[in-house]
Structure formats: C-alpha cells, structure tokens
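In this note's numbering, the protein residues as written are 257 to 949. Ideal Cβ positions, reconstructed from N, Cα and C, are used throughout, including at glycine.
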Amino acid sequence: MQPRLPAEGPSTGSRAPAGSDPFRSPGAPGRPAAPAALAVGPDGRIVHWSSAAAELLGVPAEEVAGRRVADLAHDDDGRATIAAALAEASAGRPQAGVRAVLRDTAGAPARAVELSCDPMDDGLVAVIVAPARPPHPPAATGPGPDDVPSRTPRSRLALLSEAGARLGSTLDVRRTGAELVGLVLPGLADAACVLVLERFIAGDDFPERAGGGAVTRRIASGAVDPASPGWPAALASHELVTCQPGAPYADCMEFDRTIAFSGGLAVPLRARGTVLGCLVLLRGQARPAFDSHDIALAEDLAARAAVCLDNARLYDRERRTALTLQSSMLPTGLREPLGLEIAHRYLPAGDLTCVGGDWYDAIPLPGGRVALVVGDVMGHGTGAAATMGQLRTAVRALAGLDPRPEDVLHRLDEMIEDMGGAPNATCVYAVYDPVEQTCAVARAGHVPPVVLHPDGRTEILDIPPGLPLGIGGEAFESRTVRLADGCTLVLVTDGLVESRDRDIDAGIEALRETLAGAPRGLEEICDLAVEALRPGDDRADRDDIALLLARVRALPPDRIAATTLPAEAGAARRARRFVRDALAAWGLDGLAPAVVPAVGELVDDAARHGPGPFGVRLLRGTSLVCEVADRSGAAGPDPDRSCTDASRALAGNGRGSWTTGLPAVRRGTRLVPGGRILWCELPLAPPQPHESH
Numbered sequence: 257m258q259p260r261l262p263a264e265g266p267s268t269g270s271r272a273p274a275g276s277d278p279f280r281s282p283g284a285p286g287r288p289a290a291p292a293a294l295a296v297g298p299d300g301r302i303v304h305w306s307s308a309a310a311e312l313l314g315v316p317a318e319e320v321a322g323r324r325v326a327d328l329a330h331d332d333d334g335r336a337t338i339a340a341a342l343a344e345a346s347a348g349r350p351q352a353g354v355r356a357v358l359r360d361t362a363g364a365p366a367r368a369v370e371l372s373c374d375p376m377d378d379g380l381v382a383v384i385v386a387p388a389r390p391p392h393p394p395a396a397t398g399p400g401p402d403d404v405p406s407r408t409p410r411s412r413l414a415l416l417s418e419a420g421a422r423l424g425s426t427l428d429v430r431r432t433g434a435e436l437v438g439l440v441l442p443g444l445a446d447a448a449c450v451l452v453l454e455r456f457i458a459g460d461d462f463p464e465r466a467g468g469g470a471v472t473r474r475i476a477s478g479a480v481d482p483a484s485p486g487w488p489a490a491l492a493s494h495e496l497v498t499c500q501p502g503a504p505y506a507d508c509m510e511f512d513r514t515i516a517f518s519g520g521l522a523v524p525l526r527a528r529g530t531v532l533g534c535l536v537l538l539r540g541q542a543r544p545a546f547d548s549h550d551i552a553l554a555e556d557l558a559a560r561a562a563v564c565l566d567n568a569r570l571y572d573r574e575r576r577t578a579l580t581l582q583s584s585m586l587p588t589g590l591r592e593p594l595g596l597e598i599a600h601r602y603l604p605a606g607d608l609t610c611v612g613g614d615w616y617d618a619i620p621l622p623g624g625r626v627a628l629v630v631g632d633v634m635g636h637g638t639g640a641a642a643t644m645g646q647l648r649t650a651v652r653a654l655a656g657l658d659p660r661p662e663d664v665l666h667r668l669d670e671m672i673e674d675m676g677g678a679p680n681a682t683c684v685y686a687v688y689d690p691v692e693q694t695c696a697v698a699r700a701g702h703v704p705p706v707v708l709h710p711d712g713r714t715e716i717l718d719i720p721p722g723l724p725l726g727i728g729g730e731a732f733e734s735r736t737v738r739l740a741d742g743c744t745l746v747l748v749t750d751g752l753v754e755s756r757d758r759d760i761d762a763g764i765e766a767l768r769e770t771l772a773g774a775p776r777g778l779e780e781i782c783d784l785a786v787e788a789l790r791p792g793d794d795r796a797d798r799d800d801i802a803l804l805l806a807r808v809r810a811l812p813p814d815r816i817a818a819t820t821l822p823a824e825a826g827a828a829r830r831a832r833r834f835v836r837d838a839l840a841a842w843g844l845d846g847l848a849p850a851v852v853p854a855v856g857e858l859v860d861d862a863a864r865h866g867p868g869p870f871g872v873r874l875l876r877g878t879s880l881v882c883e884v885a886d887r888s889g890a891a892g893p894d895p896d897r898s899c900t901d902a903s904r905a906l907a908g909n910g911r912g913s914w915t916t917g918l919p920a921v922r923r924g925t926r927l928v929p930g931g932r933i934l935w936c937e938l939p940l941a942p943p944q945p946h947e948s949h
C-alpha cells in the first residue's frame, strides 16, 4: 500500500479554494461541518448527545436528554420520516440517507440534514446527523464504504465509547498519545502520529496561536504495516519537526482547523482554547479519501485526547513547580560539624499528590555545637512544600538565637498557629555538643530518633513525643543523652517507616533490623535503609523521605584547651598567657596579636559583672572558638555590649590587628545553666570558591 505523504514545506493543491469545499458549514467559516453522533432508545428518546451534536444543532445536551428525536423536525412530515427510520432501524434494518429539515433553535435557523440510523446490540439505535450535501464521489478503486470500519454508525459510536474508556488512563503525555494512535488504527487510518508543540513538552506557556515554523515533537506514532515504503518518515517517535509556514501541519495548528491534504488529514489538538499540537492521519492509495464522517470522528477523538494531554501538561507543571520549590529549599550541602560525620538522603515521591514537605538540616551553633533537624509538613503538593520552606527558614533564624530545643519547637508551634490555615507539621530538633558528647533532643509528634551503637545494637531514644506543630495546648520537653564514640544518631521522616500495609511501630522495628549488625559507613547505611524500607515506585501511597545520620567522632585532646581562673585581679593577665601558649602549641602564633587581647577583654568584662571562677576554653576545628564562661546568668550585662567589646579587641583596639583579608569574626553570648558564655569565632580554613554552573 503506497502512502501519500504531505510535504514538510508549503502545501500545493492540498486544499480546495475557499467556498468550494462542500464540508464547510455556512455558520462557521473555515471549519468543516461536523456530523453529530447520538444514541436513541427503543422508544425514540435521546440517551446520548455528543458535543458535535450540540454544536451542529445548536441545542445543549441538558435540553434534549430524554426527548424524542422526531421532535427536532421542522414539520409533521419530518417527524414522521424520522420516526419511521428509527422504527426500521430498531427492527434491525439500517437506514441511510434519510433527509429531513430540523426546526429552528436559538441561534440556529432551520436546516436540511441527512440521518443514518443503525441498530446496536444493546437495543439502542445509533444516529448520525450531518448537514445535507451533495453525495461524496465514490473512490475509483479500493474497498467500498461498507468495507471501511469507520464508516458505519455503529463502529463510530463504538470507537467513541472506547476512546472514553482508554484515553487519559494516566497523566502521561506520551502514553496518552500512544492511546490515541492505537484508537485510530486501523479503522480510521493506515498510519498516524501525534505532534505536540515542543513548548508543550518543555512546560512553557503557549502563545494565542501556534504560528508558522512551530517546533513540534512526535510523541507517538504507528502504522498498520510499518514496513510499508514511506511510512517511516511519518512514524519516527520523539523526533523534532519544524512545521514550515503553509504546510498542512502548520496551517492546522495556526488556524485551529482540520486540514485535508493528499492522502492525509491534520486535526488540531485543542483544549481549553489552546492548540497543543495536531493529530496526523494517513491513508494509502488503496483506501478512499477522508469524508465528512471521518473528519467528524477524527475531530471528536482529537478533542477528547487534547483534554487528556492538557490535563497531563497541567499536572506535570504543578508537580515540577512543587518539586522545584521543595528542592530549592533543601540544603545543597551540609558542612561537616565538629565531632560528627554526617550523611543524608532526600527522595521525593513520584506523584504530585505525594510531593510533600519533608526537610532536614544541620545548623552550626556557637561553641562548635550543631543543631540537627528533620521535619515533615502534613499534606502534599505545592502548599506543603511552601510551608516547609517557611519552617526551615524559621528554624535557622531561631537556631541563631541558641534557645533550648523545646523552645524552638514552641516558637514553631506558635508560628504555624499564627499562619492560619497552614498544615500541621512534625519535627525533631537535636543539639549536639562535641566537647561533652551530649545531645539534647525534643520532638513534636515526629518519629523518635534511633541510636545505632558501635557494637551493632539499636536503641529508640525515650523522648516525650509531643503534639504536632500547629495543634498547640501542650508544652514540649527535651531529654539530654550522652553518645559514646562511634554512636550514630538516626533521624527519619515517616515516609521511610510508614506505609499502607505497615504501621509506624512496625516500620521503626524494621528500621532497627536494617541498622543492626556490624558498623558500616553512613552512606552505605543510607542506601540500605532506603532500599529495604521504601515502598515500591508503583505504590500509590508512597511518600517523600528525609533521612539524616550523624556519627559521633570523639575530639582528640589536642583540639581543646581549657582552664579555670579564680576571680582575682590578675585573671585577665593569666587568661592572655594561657591563650598565647595554646596558640603557640597549635602553630597559630600569627593569630595571637588579635585573639589574645580579645580573650583578655572578655575576661575583664566577666570579672566586672559576675562572680568567679571563670572558665576559658579554646576549641580548634575548621575555626577557632574562644569562650569565657562566668556565673552572671540572665542578670549579667547586655550581651550585645560584651560582644561589642570583644569585637573591638579583635579589630585591634591598639594592641594588634587582623591580617588584611582574614574572614569576618562571629561573636555572641549564650545562657547556660548557672551562668552565660561569651564567645567569638574565627574561621581557620580559607573559604572555598563557589563552583559556577
């Protein structure tokens, strides 16, 4: 069967001159008149009224449902003619070419039509109503009209019914295109392909008109005989095609109308007033050209498929928006805290309805400490992702004030309540001190932390569960635990341990079984946990997952230098000598002219405003932390004043200055049980240049 393919350039002789096409209806210039498909019950009453019928006859479906078809006729003769044809068809005798004049309706004058009535297996009668027109010239060769499956009313209605069941089974553009191609072969065409604008695939907005030279992509194609010469040019899937102005495909999309060309048909894929692409149908020379019935059927199928394609486009755009929003708010990399080894995973769910608000973070705190956070916003979609971003930002801001873990959760709880309408969330907040090797933990309705001990044992930390954030009415509590060298703190969201067929308690036990055994690398543990516990990709209830692991590494003795000074006049002098000696032992003599007077200033301030003794501690990691502890507590001087004094000392104060180009100094104060700690911090490692992408 030799195909007749359209040229990719301007079409010549492919369309009849304007006004000469018998398929153009006077009420819609430039568009072929679409025959109307309807189904009639044994009593002659309408049980199905297609969109094409509503357009052609000017009557919406809700106004004709249950009425008799004969009542649409203009006069008694017409009503009798239609009733007789329906009676014959109900008796098993198909009727064709039944001419009648339909009465005038709102917005549509009386018009002459032709009806075809065909009995169906379920007792209904399929009726095709088309504008009266000159008979279509018969094909010179090839099968007769009755041999073409798409030409009988019964097969057309059956195909439309099948389209309703098959099209849009998934929110996937290419799957929908393949379903459409499968529907039109072989009854309507010998080969077919679905072209969509490349901007549709990319997710961009559409112009009002596609315009000439539009770039399209073949998302699906097929043929009855793929080996037939010439078909491959029209069947290559996922191939970019530039439709040149004047070509049938380009005109079809630009002018939003069906274009008939030699051996083919281009039907626009239009949804919600936007042309997304076109359906191309091809026939070999042995088959007759497309007639008005074929055009009407192709347009109906294309209209249904276009809505499914647009639904897939909107779904994909919203899902990408949610994922982009979610991923942009997660940390791209976590700095390795002092005394901890960190590993993490975030796995988004595959479905938009499961794009949630899981997040994790590791936030540096004064004194080399770190806050470890994992949270989960209830609900899914863009709203949950946006709430997650707000909470993560708030947690970082609160952590900078260095409150207790339970106070952080309390502030977050109030924040969600004040947001009004924001979804609830769960959260676990832990503060690890590398010097003391202690971890203070509080949680708000979140999965409890699990500790993997060096010998392979696992333990669930007994932390009061608290209520989810946003509910209010209950105070949060924290517990402090000591973590031995080699212990691993495991923080997860419920997406890893809870599913439709596994409650959260069973999931936590499964997590413990996965963690138990000989110690392994943190990256390996992450992979094992996800592989063993995450629901399969085909699970409808699959949730996103956040996983944060922190393994304790005891600080070597040479990283810490500490002393206690009595409350006496020479305390500041002894502190300066202590700092100078410690820096010399670490090979950091170059910092002494700035750091030594700064620590002396902090001790002088502590001696003026609080009782002794005073603790002085230096902590060396990627930064140098200087701390002075006193017993002044909340009743002490203004913390900002103390920090300013230390800052002046670090800036020079007549006793030395920073070397040009050194990074800025962080400083502050924090309250501790029985007193406060004044601190300042200077990065030792030079900042790494940012990679450009």
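C-alpha gap between residue i and residue j, whole angstroms
i      : j      : result
ALA483 : MET509 : 29 angstroms
GLY656 : VAL928 : 15 angstroms
THR268 : PRO504 : Residue confidence for THR268 is low, a pLDDT of 32 falling below 50, so the modelled location carries little weight; the figure read from the coordinates is stated next. Approximately 10 angstroms between the Cα atoms of the pair.
GLU769 : GLY763 : 10 angstroms
GLY729 : MET671 : 14 angstroms
LEU739 : PRO704 : 16 angstroms
ASP277 : ILE515 : Legend: pLDDT at ASP277 = 29, less than 50; position of this residue unreliable, value from coordinates given subsequently. Spanning the two alpha carbons is a distance of roughly 11 angstroms.
VAL254 : ASN567 : The structure shown does not extend to residue 254, since the chain is modelled only from 257 through 949, so no value can be given for it.
CYS695 : LEU628 : 10 angstroms
GLN541 : ASP550 : 16 angstroms
ARG465 : LEU413 : Because ARG465 carries a pLDDT of 49, less than 50, the predicted location of this residue cannot be relied on, and the following value inherits that uncertainty. Rounded to the nearest angstrom, the two C-alpha atoms are 32 angstroms apart.
ALA419 : LEU752 : 39 angstroms
ALA336 : LEU423 : 39 angstroms
ARG301 : GLU344 : 15 angstroms
CYS534 : ASP507 : 10 angstroms
ALA329 : ILE338 : 8 angstroms
ARG667 : MET634 : 18 angstroms
ARG815 : THR878 : 11 angstroms
Cβ neighbour criterion (16 or more within 10 Å) applied to residue i
i      : result
VAL369 : buried
GLU824 : exposed
ASP556 : buried
GLY520 : buried
ARG601 : buried
MET675 : exposed
THR432 : buried
GLY930 : exposed
ASP799 : buried
ALA788 : exposed
ALA347 : exposed
ALA619 : It should be noted that the sequence gives Ile, not Ala, for residue 619. By the neighbour-count rule (16 or more Cβ atoms within 10 Å), ILE619 is buried.
SER425 : exposed
GLU662 : buried
Host beta strand (DSSP E) of residue i (start-end)
i      : result
GLU952 : This structure cannot speak to residue 952, because the chain is shown only from 257 to 949.
ILE475 : 470-479
HIS709 : Unbroken run through HIS709: none, as it is neither H nor E.
HIS304 : 302-305
ILE716 : 714-716
GLU937 : 931-939
ALA885 : 879-886
ILE384 : 381-387
ASP614 : 613-620
Rounded distance between the beta-carbons of residue j and residue i, thought under 8 angstroms
i      : j      : result
ALA527 : ALA562 : 4 angstroms
HIS709 : CYS743 : 6 angstroms
ALA445 : LEU538 : 6 angstroms
GLY443 : LEU415 : 6 angstroms
LEU821 : PHE870 : 5 angstroms
ARG367 : LEU358 : 6 angstroms
Range of the contiguous alpha helix (DSSP H) that encloses residue i
i      : result
GLY645 : 638-655
THR432 : 429-440
ARG864 : 848-865
GLU670 : 661-675
PHE511 : 504-511
ASP299 : Counting along the chain, ASP299 falls outside any alpha helix (DSSP H), and DSSP gives it neither H nor E.
Short CB-CB distance (under 8 angstroms) between residue i and chain B
i      : result
ASP632 : Of the protein chains in this structure there is only one, and it is not chain B.
Notebook entry, point to check: Unbroken beta strand (DSSP E) runs of length 3 or more, entirely within the stretch 733-819: which are they?
Noted result: Within the stretch 733-819, the beta strand (DSSP E) runs of at least 3 residues that lie entirely inside it are, in chain order, 734-738, 744-748 and 801-808.
Next item on the list: Quick one: which unbroken alpha helix (DSSP H) runs of 4-plus residues sit fully inside the stretch 325-350? Chain order, please.
Entry: Fully enclosed alpha helix (DSSP H) runs of 4 or longer: 332-346.
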